[in-house]
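A.B. asks:
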Ligand SMILES: [Fe+2]
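Residue numbers (our numbering): 152 to 477.
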């Protein structure tokens with residue numbers, strides 16, 4: 152049995168169009184509540200990230216990294232973190248699970264073997280992230296450099312998916328994301344929704360889209376478990392390097408390259424330029440400073456957020472139930 156249900160059309164259009172699939176892993180024992188708790192506990196602690204966010208899914212920048220400890224430094228184990236997600240406003244991100252857990256690595260390998268067999272793509276830099284997130288949590292409008300498949304295991308999330316073309320972001324903005332600059336802010340305009348594919352992603356469904364298509368996500372009123380599987384095809388990697396090179400040309404030489412009008416004849420030169428620059432300099436030094444933790448959790452009061460001194464708390468609007476976050 153295949154993991155994904157394909158048709159000849161979806162096999163042909165994979166990586167080129169927005170595609171909704173059904174899959175067969177939502178009931179896998181790998182993702183039962185107890186299995187997830189055990190996974191968190193045996194997982195490299197540094198690769199588990201916890202975030203909280205503001206209450207307006209259209210406002211950028213309201214996103215804090217937290218600690219997986221109480222204020223006194225007590226570690227929250229897998230069960231306590233799961234309780235915090237259930238009762239709070241949190242986004243738990245287990246990064247690169249396929250590099251850390253043999254059972255998930257096996258699943259990830261099977262997925263990409265199937266994708267390669269069905270679509271003929273060669274998949275590189277495969278990365279399976281596990282997202283465990285609170286009722287009504289969200290991720291604001293953004294785009295990712297790799298290709299993405301979003302697999303829904305539990306709960307329902309509304310996915311807003313936008314075209315990957317000019318009008319939804321500028322050349323400078325997408326270059327900033329490729330270069331990992333500080334200004335990777337992608338401004339959102341509610342008018343964008345007129346051209347969005349909006350879908351309630353349910354357990355057993357998987358959504359994938361063309362490279363760089365912007366998107367935003369709003370959870371339903373229940374805990375969500377999803378797999379965010381990233382990968383590169385040779386074509387996607389080439390495209391990412393062109394964007395990187397364009398970003399360097401703009402920032403180092405004051406040029407004004409355009410992705411849409413990128414002369415094909417110059418592309419190999421740009422690839423060499425991007426690779427050489429990364430090799431020689433260790434990569435473009437933007438101004439991005441890593442997020443520093445802004446809150447702790449309270450194992451006695453699951454979901455309660457203890458903001459650090461000087462951090463502005465996110466305040467729920469009057470219409471939302473009290474007690475979701477303190
Ligand atoms: Fe994303």
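Every residue, glycine too, gets a C-beta built ideally from N, C-alpha and C. Just so we're clear, the structure is a prediction, and the values are computed from it rather than from any experiment.
Going by beta carbon distance, what residues of the same chain come within less than 7 Å of residue 459, once the five residues before and after it are set aside?
C.D. replies: Reading the chain shown from its first residue, position 308 is the one you call residue 459. Taken in chain order, the residues that qualify are 445, 446.
A.B. asks: For residue 199, which option in 221, 383, 228 has the closest C-alpha, if you only look at C-alpha atoms?
C.D. replies: What you label residue 199 is simply residue 48 of the chain shown in a count that begins at 1. Nearest of 221, 383, 228 to residue 199, Cα basis: 228.
A.B. asks: For residue 154, name the three-state secondary structure that DSSP assigns.
C.D. replies: Within the chain shown, residue 154 is the residue found at index 3, counting from 1. The answer is coil: DSSP assigns residue 154 none of H, G, I, E or B.
A.B. asks: Taking only three categories from DSSP, how would you classify residue 417?
C.D. replies: For the purposes of this step, residue 417 is taken as residue 266 along the chain shown, with counting starting at 1. Residue 417: helix per DSSP, three-state reduction.
A.B. asks: Ignore the nearest five residues each way along the sequence and tell me which others in residue 162's own chain have a CB closer than 7 Å to its CB.
C.D. replies: Looking up residue 162 in the chain shown gives position 11. Correct list, in chain order: 269, 270.
A.B. asks: Leaving out the 5 sequence neighbours to the left and right, which residues in its chain are closer than 6 Å to residue 209 when beta-carbon positions are compared?
C.D. replies: Taking the first residue of the chain shown as position 1, residue 209 is located at position 58. Same-chain partners within the cutoff: 339.
A.B. asks: Give the range of the beta strand (DSSP E) segment to which residue 456 is assigned.
C.D. replies: Looking up residue 456 in the chain shown gives position 305. Note, residue 456: beta strand (DSSP E), 456-458.
A.B. asks: Just to confirm, does residue 340 get its C-beta within under 6 Å of one of the non-hydrogen atoms of ligand 1?
C.D. replies: As a working note, residue 340 is residue 189 in the chain shown. No.
A.B. asks: Quick one: is the Cβ of residue 295 within less than 6 Å of any heavy atom of ligand 1?
C.D. replies: One-based indexing of the chain shown puts residue 295 at position 144. Result yes, Cβ under 6 Å from ligand 1.
A.B. asks: Using 10 angstroms around the beta-carbon of residue 470, count the other beta-carbons present and answer buried if the total reaches 16, otherwise exposed.
C.D. replies: On the chain shown, residue 470 is found 319 positions in, with the first residue counted as 1. So residue 470 ends up on the exposed side.
A.B. asks: So if DSSP puts residue 379 in a beta bridge, which residue, or which two residues, is it bridged to?
C.D. replies: Reading the chain shown from its first residue, position 228 is the one you call residue 379. For residue 379, which the question treats as bridged, DSSP gives the partners 280, 301.
A.B. asks: Give a yes or no on contact between the region 310-326 and the region 402-410, applying the rule of three or more CB pairs nearer than 8 Å.
C.D. replies: In short, these stretches touch, since the Cβ pair count reaches three.
A.B. asks: Quick test of your reading: residue 226 and residue 237, contact by CB under 8 Å. State the CB separation rounded to the nearest angstrom.
C.D. replies: Within the chain shown, the letter at position 75 stands for residue 226. Within the chain shown, the letter at position 86 stands for residue 237. In fact, because the Cβ distance is near 19 Å, the residues do not count as touching under 8 Å.
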